[in-house]
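Here is the structure we will look at, set down as structure tokens.
There are 4 protein chains.
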Amino acid sequence: MPKVVFSIDQSKSMREQAVPGHNRWHPDIPAVATVRPGDEFRVECRDWTDCQVGNNDSANDVRDIDLTQVHMLSGPFAVEGAEPGDLLVVDILDIGPIPCPERTGDVPGQGWGYTGIFAKANGGGFLTDYYPDAYKAIWDFHGVQATSRHVPGVRYTGITHPGLFATAPSAELLTGWNRREKALIDTDAGRVPPLANPPEPNNAVTGTATGDLVERIAREGARTVPPREHGGNQDIKNFTRGARVFFPVYVTGANFSLGDLHFSQGDGEITFCGAIEMGGFIDLHVDLIKGGMAKYGVTTNPIFMPGNVEPRYSEFLSFVGISVDHDTDTNHYLDATVAYRRACLNAIEYLKTWGYSGEQAYLLLGSAPIEGRISGIVDIPNACCTLYLPTEIFDFDVRPNADGPVRKDRGRCAVTS
Amino acid sequence: MPKVVFSIDQSKSMREQAVPGHNRWHPDIPAVATVRPGDEFRVECRDWTDCQVGNNDSANDVRDIDLTQVHMLSGPFAVEGAEPGDLLVVDILDIGPIPCPERTGDVPGQGWGYTGIFAKANGGGFLTDYYPDAYKAIWDFHGVQATSRHVPGVRYTGITHPGLFATAPSAELLTGWNRREKALIDTDAGRVPPLANPPEPNNAVTGTATGDLVERIAREGARTVPPREHGGNQDIKNFTRGARVFFPVYVTGANFSLGDLHFSQGDGEITFCGAIEMGGFIDLHVDLIKGGMAKYGVTTNPIFMPGNVEPRYSEFLSFVGISVDHDTDTNHYLDATVAYRRACLNAIEYLKTWGYSGEQAYLLLGSAPIEGRISGIVDIPNACCTLYLPTEIFDFDVRPNADGPVRKDRGRCAVTS
Amino acid sequence: MPKVVFSIDQSKSMREQAVPGHNRWHPDIPAVATVRPGDEFRVECRDWTDCQVGNNDSANDVRDIDLTQVHMLSGPFAVEGAEPGDLLVVDILDIGPIPCPERTGDVPGQGWGYTGIFAKANGGGFLTDYYPDAYKAIWDFHGVQATSRHVPGVRYTGITHPGLFATAPSAELLTGWNRREKALIDTDAGRVPPLANPPEPNNAVTGTATGDLVERIAREGARTVPPREHGGNQDIKNFTRGARVFFPVYVTGANFSLGDLHFSQGDGEITFCGAIEMGGFIDLHVDLIKGGMAKYGVTTNPIFMPGNVEPRYSEFLSFVGISVDHDTDTNHYLDATVAYRRACLNAIEYLKTWGYSGEQAYLLLGSAPIEGRISGIVDIPNACCTLYLPTEIFDFDVRPNADGPVRKDRGRCAVTS
Amino acid sequence: MPKVVFSIDQSKSMREQAVPGHNRWHPDIPAVATVRPGDEFRVECRDWTDCQVGNNDSANDVRDIDLTQVHMLSGPFAVEGAEPGDLLVVDILDIGPIPCPERTGDVPGQGWGYTGIFAKANGGGFLTDYYPDAYKAIWDFHGVQATSRHVPGVRYTGITHPGLFATAPSAELLTGWNRREKALIDTDAGRVPPLANPPEPNNAVTGTATGDLVERIAREGARTVPPREHGGNQDIKNFTRGARVFFPVYVTGANFSLGDLHFSQGDGEITFCGAIEMGGFIDLHVDLIKGGMAKYGVTTNPIFMPGNVEPRYSEFLSFVGISVDHDTDTNHYLDATVAYRRACLNAIEYLKTWGYSGEQAYLLLGSAPIEGRISGIVDIPNACCTLYLPTEIFDFDVRPNADGPVRKDRGRCAVTS
């Protein structure tokens, strides 16, 4: 186990930690530690919501999550010698739930994690027009595998990864984000759920900042929800053990932060809180490519090489969606978002014929290692997206056959009261 | 080799074949053959353009392709006992280029194929605002692998598949398509390229229809470009050897057709004519699941199980894109199309640092077995898409390193004169 | 399709071909064609027995195979510029059964192939002490997959490859082989089956040799059964599409030959005629590494890179064997042969609990894409070998469960009369 | 983390633990804990030698290892309800090195492990006639990957597994082993290294046995080196995370034990101490199939399903060996042991051309995730074995090319003084 450069006392909130992390993006959040190119080290993480969700059979906590508190990040970490224009090279050496003496504790990551469908009134999700209420599934960890009492009949190996990882933005970049996102919000300011989240001083956690800086970060800091040029909440499931990522550096020291660990997640993380959420640890190795952004033509987003220890599933049942809203029989022009939504809805309808509720199927697709692919994006007017569901995660034969599906009682997920 | 139920004389156009296929969708195109559940048979195919492109170093032919002639399909084939509401089960037993005594002939599929970037004025492509002119690459087949004099330094194993495969629409479905797509077209009727293609009598090929039916099919028949409820031009690269597909049946006999064979294609087929296009053959096995649409909750699109003989690539260089138009610094709300476009542009910029032209890189990404994934689709406002480029297809080490890329002269693709 | 440098009229025996191949190894067999480094070309092949086996339900033909006639090879092919000490680089571009207009013909490779268990009195096999009689299974080809009426319940994708591929031996090497193998034979000269096969003039086919040379080749020529320094009958299943092999060159021109095409084979080819045997074609690309043997420390056997289009099976049921003869409770010292035999016997006993006969299971393990691994070879006194059987090839769930196996009638293989 | 049913204080020898394990097989070693079908629990393990090897640059400790002390096992664990004839179902949920606050400690498993070549005079190894002296390599752990200062230029992902896992033998089985192995020893009693190891009272550790039982176990107990009917030292590398193993049960309670954790190992574990040896932990789930041995035809060895999180390597350089002793030009009859030895020697000669010493290459092949396959086992007189070396573990391009290998100084492994 490498040295721990950021430790968490899981019995306390992020704000109460001896060295707290942060939940906003701002160039002036002070680095909590400095590492050198070539270093290997461990970072401990808090669950993204700062542990607002419990291991129980009610979805009330998911319904009531306070989103002004998210995402709780560990960092920032300064890298000696990093300058704007460099590429920060990060290797993910290992990652996992909270190591703890007991199998199960109160905190997500202590032997369990959760997947939530957010209510439309509180953030929503990819299918919020179809599933507007809050639901939850608790997943139990069995080494590298997970099962759920709320979604029986499946067991799968997680592709564990940090949902959120980024370098700090420069002041200029931050200003641009705020301007750009405000312009979008302004196109439909009262929308529920909103188009984007503007800076929100309430519940901002600003790391080790002190004095006036605290208030300024809270006022200016970008929210952590979207992925942006620096990385951010990319939710790329293949950013797992053995992965190497090349992040653009925008400030001296790079000042990277991370969090939102996922035991497992499907492509798209469609329920919004779609991964199996948890606290835990991540072991990293860092290096630099000096001047790497110009050398490799990187102007915006990171480049990465995916991890090579993903679970070896080889047989898939795949669902197709096209950019047609079949509910209204309306065509959307090469819209991959609509196409993937239809693929998800098609998968859910299929799973319902086996006895799952729509909510259970939705929770399953958010968290299991499904692949979401853009198959055709030029055949006007219809984009074509496909969803690959590994058949080996089911403890029954889920493939179509002449006899039809075996519909049985498959319990239910956690609901609100 | 199973019996041939549809044969092509590659020296003649589709219209001149003894039993011609068709290039429009219509329920009344007569079946050219009837097969039974359990049958195995071979279908021969013409290149999608009816061979408008030559094995040469000029992109003029791509620039001048007449799109009213596409896609040339083989079929329809009736399946004994198929009725609306069934699922047609299709196994792809084998698929390949035109078997021919000589290594290279004049027709695409005779030892070679092509990838084209369409000009913005004639159809365009996914990056048409960045690459508005026509370009071409010729690929030489070496068994299951391909190389190109126009994109040197790469060699890859194709995931060969039919770009287009579908059952016939019912009259009602067809009427709905025409209405739905007209509504879209009407939102911006003069757009170049157009939002969608309405029925086009000119150059319609209507199979073995005779008399008034010919004119009616030509007038009413839906164009073959988009994927739709029945399958269609889905361009799913994993619909390859060993794949099993479950198609909805809309008319008695199912009356399925297919064509647009691709030696290889990347997810998205981003150059529009992005695959390695060719004529060839496909061997099929068919079966039925009676009443399968209701049994399995299939209301619209096909379900499939991908083939299990895809090339075994394991190391990828991956590019991230988010739903921001960085050219104008504009946010798009959870728009996976924009996000994937940015991932493509990022990959192209990277490849340019090694000496490829942007057009070469674009042609490469359209045809090589890249994967395009929807990684995050709920993190407002930015969708996150990723493009996985297998590193093993390059004959040099394409991964980033501290020394920077080795830029060298990598020739050029075919251009217009 | 590349140019054919060796063509077969499958209605005639190898001896009757316009340009016949050969069935013995000798440096003086004349080359039938010359190719150049960089060339791509096709070679057609006869089934290894010269078509002594038929598509029927009797194993009499397997029982009566005349082994003095095997293996019928295509070649030799001279490579321009090849000299002793070079490495001949061979790429397998494509390989397959006999292309033929009809689905099924009389010749193995025309839509079907066979697997045989040889009788102990006529060659035997790996388990000949347990299965001393002759048996046969006919396999039907469905594109890249195979099924058998003699082994129902399985369907698998073949890893198609040439069982036999080699450069010509030098005169010195040939002399050494004959001396070395005679020494072994002499240790138990009357053994049934024999320890090795000495040169056998009877039924020798000597290519285009004429005059006295014919008799000399027949008298001196090494038999083709074993693998040797030059390659030979290696039966490496992963020598498939996309593979690259580096052969030592022992004579000017390299003079390589090949044959014994297998539609599919398990590691070990345990029934002796264990693969799915067939005639067919193979497309090759050749090149040279001048002085490669010394450069790369190659003194004896070939080096190769396996093909990258093997079927993607990911779940296996694996059987362990150790170097103990449990029938007599006798320990053998680190004997991997005994260990693998026990693993095979263990797998057969397992499959018998599901209703297969031992002979059916033996035929299955010889031909399906199983992996045979040497797991432990140093833990005195017991070697440990393991056999990996892909579970996805069965149309039922073959994994152990608490309820026990579902034993049912699974027909029978072809037997002798 | 599941409950720990066997804990190790790594600062103490196995004998000194509060609840010690054992290093001999005997039915009367008392169970240290009882678990129930369905339980999940953790077992901690000591390095197989009880920590006789240090993290330094001398191979003296490997040379001087006292083999009477091995293998230090954790257990036995009784399973409630297990009876002779059952199958014990074991799932490996997780496995890893010693979790410890500091990156590196004194004990193998605390951030590092070792691979040793044993001297011929002290156990030997697979190539002991070629490499008769002791050598060592220290490997540093980087999450799931390993590197070595003694074998620079490689970095690979471990397939972590327990080398040794077994149920307790019945008294009858134990008696049979001792008789069977004595018979082998007696065939060449003075051989160095010995053919097998008889019971050895010296340094026997007998768990929690007391009184006369201690002496009896020490006198009768079978040594732990070989794999046997109950499992034992099988050294199957694929017995990793996600694996499920079905062990025969020979005594009431099954009484299974395990140890000899390997961070990584190649097929064959050819240097004897060929894996990367370490202490650590393993998390298990157990279940029973009542009467499973008869149900599934299991009379001797375990059956297993390999883990599904092995590193995803896809490109291999493969070496062939046949059952000929080329040093003496002697044929061995279908001897897979000789064939695999030649494949190993061929691989070593190849690696030497790049600048590695033979000892370094030998250490590499013992510990890296290579595959060893039995390719042909029926082609008299020569068995054919193949060794698959993943090319992606090298930080240079190790494939043959026309220019020849790049020979450079690659340091040296630890040697004796």
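Protein chains in written order, with full-length UniProt numbering: chain C, 1 to 417; chain D, 1 to 417; chain L, 1 to 417; chain H, 1 to 417.
Even glycine gets a Cβ: it sits at the ideal position worked out from N, Cα and C.
Which stretch, first to last residue, makes up the beta strand (DSSP E) that contains residue i?
i	result
residue 146(H)	145 to 148
residue 136(L)	135 to 142
residue 277(L)	272 to 277
Give me whichever residues DSSP pairs with residue i in a beta bridge.
i	result
residue 51(L)	Answer is none; residue 51(L) lacks a bridge partner.
residue 231(H)	166(H) and 228(H)
residue 384(H)	322(H) and 376(H)
For the alpha helix (DSSP H) holding residue i, just list the boundary residues, first then last.
i	result
residue 217(C)	212 to 220
residue 174(L)	171 to 185
residue 283(L)	Not the alpha helix (DSSP H): residue 283(L) falls in the beta strand (DSSP E), residues 280 to 289.
residue 293(D)	292 to 295
residue 63(L)	60 to 63
residue 367(C)	358 to 367
In whole angstroms, give me the CA-to-CA distance for residue i and residue j.
i	j	result
residue 278(D)	residue 164(D)	13 angstroms
residue 14(D)	residue 21(D)	6 angstroms
residue 85(C)	residue 59(D)	38 angstroms
residue 106(H)	residue 56(H)	10 angstroms
residue 32(D)	residue 54(D)	29 angstroms
residue 158(L)	residue 244(L)	19 angstroms
residue 118(H)	residue 35(H)	37 angstroms
residue 221(L)	residue 267(L)	28 angstroms
residue 254(L)	residue 295(L)	18 angstroms
residue 391(H)	residue 209(L)	43 angstroms
residue 365(L)	residue 344(L)	8 angstroms
residue 349(C)	residue 270(C)	16 angstroms
Beta-carbon separation of residue i and residue j under 8 angstroms?
i	j	result
residue 427(C)	residue 120(C)	Lying outside 1 to 417, the shown extent of chain C, residue 427(C) is not represented and no answer is given.
residue 160(C)	residue 116(C)	no
residue 260(C)	residue 233(D)	no
residue 306(D)	residue 156(D)	no
residue 418(D)	residue 318(C)	Because chain D spans 1 through 417 in this model, residue 418(D) falls outside it and cannot be assessed.
residue 256(D)	residue 246(D)	no
residue 506(C)	residue 363(C)	Summary: the structure shown does not reach residue 506(C), with chain C confined to residues 1 through 417, and so no result is reported for it.
Interface residues of chain C around residue i at Cβ under 9 angstroms?
i	result
residue 228(D)	322, 324 and 382
Can you list the residues of chain C that residue i reaches, using a CB-CB cut of under 7 angstroms?
i	result
residue 315(L)	392
residue 142(H)	40, 93 and 285
Name, please, each residue of chain D whose Cβ falls closer than 7 angstroms to the Cβ of residue i.
i	result
residue 234(C)	320, 375, 376 and 384
residue 402(C)	289
Going along chain D in order, which residues have a C-beta closer than 9 angstroms to the C-beta of residue i?
i	result
residue 399(H)	The premise fails here: residue 399(H) is roughly 11 angstroms from chain D at the closest Cβ pair, so nothing lies under 9 angstroms.
List the residues of chain L that residue i touches, going by C-beta distances under 8 angstroms, in chain order.
i	result
residue 312(D)	308, 309, 310 and 312
Taking residue i as the query, report the chain D residues whose CB atoms sit under 8 angstroms from its CB, ordered along the chain.
i	result
residue 183(C)	330 and 331
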